[in-house]
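**Student:**
Numbering (the working numbering), first residue to last: 255 to 354.
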């Protein structure tokens, strides 16, 4: 059996994220999946990691292990940025427009 609960928010404050994590812990979950969008949630996530399994997604990959995330899932932002720049260059170069 899988009991799955999801809480999504657009532009959620760190304070709100901390409350959501603390509230989720009251339900004694098998694991939590969190975004590390702000260093202001790190201490709450680290505390949560002492009592449940944490996986992180999206933001915060460089700090995921520091707060107890077992694994981090996200796109490689450097690779995405360079890939995007290459696409722009490919579109503009034939027209003679320089991006430099």
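Beta carbons: idealized from backbone N, C-alpha and C, even for Gly.
Could you compute how far the alpha carbon of residue 315 sits from the alpha carbon of residue 328?
**Tutor:** 7 Å
**Student:** With a 10 Å radius around its C-beta and 16 neighbouring C-beta atoms as the bar for buried, classify residue 347 as buried or exposed.
**Tutor:** With fewer than 16 other Cβ atoms within 10 Å, it is exposed.
**Student:** So what does DSSP say about residue 290, is it helix, strand or coil?
**Tutor:** coil
**Student:** Drop a sphere of 10 angstroms on the beta-carbon of residue 304, count the other beta-carbons inside from all chains shown, and report buried for 16 or more, exposed for fewer.
**Tutor:** With fewer than 16 other Cβ atoms within 10 Å, it is exposed.
**Student:** Could you compute how far the alpha carbon of residue 269 sits from the alpha carbon of residue 295?
**Tutor:** Roughly 8 Å between the two C-alpha positions.
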